[in-house]
Structure formats: C-alpha cells, structure tokens
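Residue numbering for the sequence shown follows my numbering, starting at 53 and increasing by one per position. Everything on this sheet refers to the single structure shown next.
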Amino acid sequence: MTIELQRPVGDRIVIDDLERLSFRVDRRAYTDEDLAAQEMTRIFDRCWLYVGHESEVPGPGSYVARDVGGRPVVMARGSDGVVRVFANSCTHRGALICSQPSGQARSFRCPYHDWTFSNQGDLVGVPIPDGYGPGFRRADFGLAQHRSESYRGFVFATFDPEQPRTLPEYLAGATEYLDLIDDQSEVGMEVIQGAQLHGARANWKLMMENSVDIYHFRALHKRYVGYMESLGSVPPRRRGGFGCALGLGHGANELPPAAARPLAYWTPMFGAEVRPRIEATAARFVDRFGPERAERITGTNRAVLIFPNLMIIDAIAITIRKIDPVGAGQMAITSVALAPRDEDPDIRELRKSHYLTFLGPAGFATPDDIEIIESCQRGYLNRTVRYSDLSRGMNKEIPETTDELPAREFWRQWDRLMHDDDAHPDLARRAGMPGEEPR
C-alpha cells in the first residue's frame with residue numbers, strides 16, 4: 053500500500069493535490085534568488101548534511117577540507133582516532149586554517165598570525181602570548197566543532213544546535229539503503245582516491261530530481277543505450293522495479309541491472325575472464341545473507357536520495373554525489389566512487405573504468421543530464437508556463453521505477469522546512485514514515 057502525505061494547498065510553491073492526483077512545483081523554486089537564500093537558512097542550516105566517508109580519513113592525523121552547506125569545514129581524525137568536523141576558520145581573525153583538500157597533519161596553522169591548533173581542535177600555539185591579558189585562556193579559542201555523527205561510515209554534520217533528531221532518526225528509511233551499500237564488503241567500503249569536481253548552470257534541485265528519474269533513461273541516454281546493447285547488455289525498460297518514499301525527504305528507486313555490476317552481477321561487458329570470480333562472490337553473499345537479501349545487495353541497481361543534497365547511485369559502479377547550490381541558477385557537484393576494500397585489483401579497474409564511462413563528468417550519462425537540466429533552467433526564463441508537473445504515478449498503489457514518487461518526497465520535505473512545518477507534531481510524525489499515505 054502506498055502513502056501520499058497530503059500538503060495543504062494555500063499559497064504554496066508546492067501544489068500537492070491528492071484528490072486530483074496532481075503534484076505541481078512553481079518554477080520560481082528554481083529561479084528566485086530570495087528563495088535560494090531562504091533555502092540556506094531553513095534547510096541547509098537545519099538538516100544533517102553529508103560531509104564525507106570515514107575511509108577518507110583512514111588514520112590519525114588524516115583530514116579532508118571541503119564546503120558543506122556553504123560553509124568551509126575540516127573533517128579530521130585526531131591523534132586519538134576520533135573523527136571530528138571543525139569549522140575551517142581560525143578563532144582569532146577567521147582565516148582558513150586548512151587550505152589543502154586533503155592530507156596528513158598533527159596540527160593546523162593559521163597563516164595569518166600563526167595560531168596553531170591540534171588535530172583534535174585545541175589551540176596549542178599563540179605567538180607572543182604576553183600580548184594578551186590574564187583573562188585570555190587558550191581553552192576558549194579552540195576550533196569550533198560541529199555536531200557530527202556517522203552511520204555505516206557515512207559522516208554527516210548539522211549546524212543546528214537544536215537539531216532534535218539523531219542521525220539514524222533523521223535518515224529514517226534511508227538507513228536500509230546505506231546498509232545495502234555497506235554490506236557489500238565484510239571488511240568495509242572505501243572511497244577510491246580522486247574526485248570529480250564540476251557544476252551546472254542550473255538550480256541544484258533539478259539535479260536531485262534528475263538523479264532519481266528513471267523515466268528519462270532511454271529518451272535522454274540513447275548513446276549509452278546503444279553502447280550497452282553493443283556489449284550484450286539489456287538497458288532498462290520503461291517498466292520494472294519500484295520507487296519509494298523513505299520519509300523526511302529521502303527517496304529511492306530499485307530496478308534490475310541494466311549492465312554488469314562489479315559486485316556481483318556478470319554480463320559480457322565485463323569479459324569472460326572475471327565471470328567465475330564474480331559468480332563465486334554472488335554465491336558467497338547468498339550463503340552470508342540468504343538469497344533474497346543477497347539479490348538486493350549484489351543483483352539490484354538503486355539510486356538513493358538523502359535530503360537535501362546527497363545522491364548515491366549504486367549500479368555499474370557506486371558514486372557518491374554531493375550537490376551544492378550556488379545561488380538560484382548554478383550548482384557545484386562533487387562526485388567520488390565507493391568500493392569494497394577487499395576488491396580484486398582487476399575488478400577495481402573495471403569498476404573505475406565503467407564509473408568514468410557512465411557516471412563521470414565526461415561519460416555517457418552525466419553530460420546528457422547536465423545539458424538537459426541547463427535546458428530546463430533556460431526554459432524557465434519564459435515565465436508563461438508557471439508550474440512543472442511531478443504527478444507521474446500518483447494514480448498507482450504500487451509505484452513503478454519510472455514514477456516520480458521519490459521526487460515528490462523530496463519536494464514535500466522542502467515544502468515543510470521552507471514553511472517551518474517540520475516541527476508540527478502530526479506532520480513531523482508522518483513525514484518520518486516511509487511510503488505514501490493510503491488514499
């Protein structure tokens with residue numbers, strides 16, 4: 053039984069009408085700079101936001117520096133082994149204390165006045181300290197530490213000191229999908245070294261919609277469909293699989309593989325020499341998890357949207373995409389590949405090759421996706437057509453993969469937060485429930 057959480061119509065950007073089986077989004081949501089500014093305070097300043105994966109800081113002293121929710125942060129594993137997320141800003145005058153994207157450091161030194169902080173955030177060095185009075189205490193000037201938590205290796209932080217939910221509570225039904233990903237290795241998953249940094253001249257929400265939209269695959273990615281067919285794979289049909297709402301803005305879809313999976317679904321595109329090992333891996337997973345769960349882990353593709361701006365696509369490779377708004381009309385995209393730590397080197401190379409071939413910024417799919425969402429953004433300049441429609445599948449009790457349920461779940465949470473409805477007891481309770489309410 054599906055669930056649709058009815059939203060009041062009123063004067064809203066999101067028009068959610070279950071009676072008419074209609075779901076529309078005012079295109080101002082993609083173009084209005086005032087709304088974009090409100091998103092930063094009402095969504096990105098309040099939600100749990102993805103920072104990185106624990107494997108990116110594998111040992112004491114390792115760190116990564118990046119922007120999260122428009123704020124520069126450092127994720128560091130201290131000498132005590134604890135992973136922390138700090139504001140990348142000196143507590144003296146505000147300069148960045150870390151200018152490198154990643155590395156190893158026992159301490160962070162601000163280049164402005166040489167204030168120095170340990171990798172656990174303590175202020176440990178102040179030049180010419182006698183210039184400060186007796187009330188100056190180093191303990192008062194440690195790096196600002198953001199509240200952070202980890203689930204199955206995925207590290208999130210929140211900038212809201214009153215965020216009421218723990219990370220697992222916030223993830224709601226998305227925890228099941230992170231489990232399906234992390235269970236792909238008995239020894240743990242790791243981010244493959246290297247990242248793709250690119251962007252698009254379009255609103256960030258268009259990429260979130262696109263990433264859980266299977267309806268467009270055969271229409272938009274004709275070149276890749278032809279490529280897969282030439283290698284003996286069967287691209288996804290317009291039917292099959294399912295989409296789901298996971299609560300609190302998260303959504304996912306699952307479908308049979310359109311191509312090979314490094315873990316552990318063989319097709320001729322991977323070559324005959326690796327077939328015995330891939331099939332042996334699939335058999336081990338059946339022994340470990342039973343046939344039904346093993347099939348979901350190794351023989352099913354999925355795209356997982358974690359509100360507001362994280363996408364994980366688990367198919368011919370696993371990509372983690374962080375999609376950051378840059379005003380109303382641009383976005384920044386950071387993509388990395390995730391893989392089992394214990395993967396054979398030649399299968400790892402297959403994974404990397406096919407990750408770049410399809411999911412990379414110069415691959416078959418991503419340029420198509422960026423071109424089409426930029427086309428949408430340009431189309432919105434003609435304001436004659438006010439709404440975009442995301443009603444597909446509202447007439448069904450069991451959503452299909454090509455339906456737009458995951459995107460509707462995203463927009464419902466966007467609507468709640470933009471109107472401060474997340475604290476409403478009934479809406480908050482129901483928003484955390486996977487699925488859609490019976491009609």
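Every residue, glycine too, gets a C-beta built ideally from N, C-alpha and C.
*Which residues bound the alpha helix (DSSP H) around Q465?*
For Q465, the enclosing alpha helix (DSSP H) stretches over residues L457 to M470.
*If you draw a straight line from the C-alpha of S107 to the C-alpha of N447, how long is it?*
Looking at the two C-alpha atoms, the distance is approximately 43 Å.
*Would you check if the distance between the CB atom of E461 and the CB atom of G303 is smaller than 8 Å?*
In terms of Cβ geometry, E461 and G303 form a close pair [threshold 8 Å].
*To which residues does DSSP link D119 through a beta bridge?*
Note: D119 sits in a beta bridge opposite P124.
_What does the Cβ neighbour count give for V437, buried or exposed, with the cut at 16 atoms within 10 Å?_
V437 is exposed by the Cβ-count criterion.
*asked:* Mapping the DSSP letters down to three states, classify C99 as helix, strand or coil.
replied: Looking at C99 - three-state DSSP - the assignment turns out to be coil, as it is neither helix nor strand.
*Reduced DSSP secondary structure (H/G/I, E/B, other) of E71*: E71 falls in the coil class under three-state DSSP.
_Beta bridge counterpart(s) of C296 as assigned by DSSP_ = C296 pairs with A304.
_Is it buried or exposed, F188, if we count other Cβ atoms within 10 angstroms and call 16 or more buried?_
Burial call: exposed.
_Length of the line joining the Cα atoms of E325 and E281_ = The alpha-carbon atoms of E325 and E281 are separated by roughly 20 Å.
*Would you call N434 buried or exposed, if buried means 16 or more other Cβ atoms sit within 10 Å of its Cβ?*
Its Cβ having fewer than 16 others within 10 Å, N434 is exposed.
_Going residue by residue through the region 374 to 435, where are the continuous beta strand (DSSP E) segments of at least 3 residues, counting only ones entirely within it?_
Qualifying beta strand (DSSP E) stretches, in chain order: 382 to 392.
*Helix, strand or coil: how does DSSP classify E4 here?*
The chain is shown only over 53 to 491; residue 4 falls outside these bounds and no answer can be derived.
*Could you tell me the distance, in whole angstroms, from the CA atom of L249 to the CA atom of T386?*
In a straight line, the C-alpha of L249 is about 5 Å away from that of T386.
*Whole-angstrom C-beta distance between D441 and L272, which should lie under 8 Å*: The pair is not a contact, with the Cβ atoms about 18 Å apart (cut-off 8 Å).
*Taking all protein chains shown into account, do 16 or more other C-beta atoms lie within 10 angstroms of the C-beta of Q236, making it buried, or fewer, making it exposed?*
Around the beta carbon of Q236, 16 or more other beta carbons lie within 10 angstroms, which makes this residue buried.
*With C-beta atoms as the reference, is E456 less than 8 Å away from R468?*
Contact flag unset, no.
*Anyone know if the C-beta pair for F138 and V120 falls short of 8 Å?*
For F138 and V120, no; Cβs fall outside 8 Å.
*Kindly identify the DSSP beta-bridge partner or partners of I372.*
I372 is bridged to I364 and V388.
_Given this structure, state the Cα-to-Cα distance separating I365 from S159, to the nearest angstrom._
Roughly 35 Å separates the two Cα atoms.
*Could you name the residues of the same chain whose beta carbon sits closer than 8 Å to that of S154, not counting the 5 residues immediately before and after it, in chain order?*
The beta carbon of S154 is closer than 8 Å to those of E108, S114, Y115, V116 and A117 in its chain, skipping five residues each way along the sequence.
*Figure out for me which residue from M470, W463 and D473 has the closest Cα to the Cα of R76.*
Cα-wise, what sits closest to R76 is W463.
_Local conformation of E242 per DSSP, three classes_ = Here E242 carries a strand assignment [DSSP, helix/strand/coil].
*Could you tell me which residues DSSP puts in a beta bridge with N353?*
Its beta-bridge partners are L307.
*Can you tell me whether L219 is buried or exposed, with buried defined as 16 or more other CB within 10 angstroms of its CB?*
By the beta-carbon neighbour count (other beta carbons within 10 angstroms, threshold 16), L219 is buried.
_Residue range of the alpha helix (DSSP H) that includes T83_ = Unbroken alpha helix (DSSP H) run through T83: R80 to T83.
*Count the other CB atoms within 10 Å of the CB of L101; is the residue buried (16 or more) or exposed (fewer)?*
With 16 or more other Cβ atoms within 10 Å, it is buried.
*asked:* Suppose the cutoff is 6 Å on Cβ atoms and the five residues either side in sequence are ignored; what does the same chain contact list for A316 look like?
replied: So the qualifying residues of the chain are I330, T333, A334 and T350.
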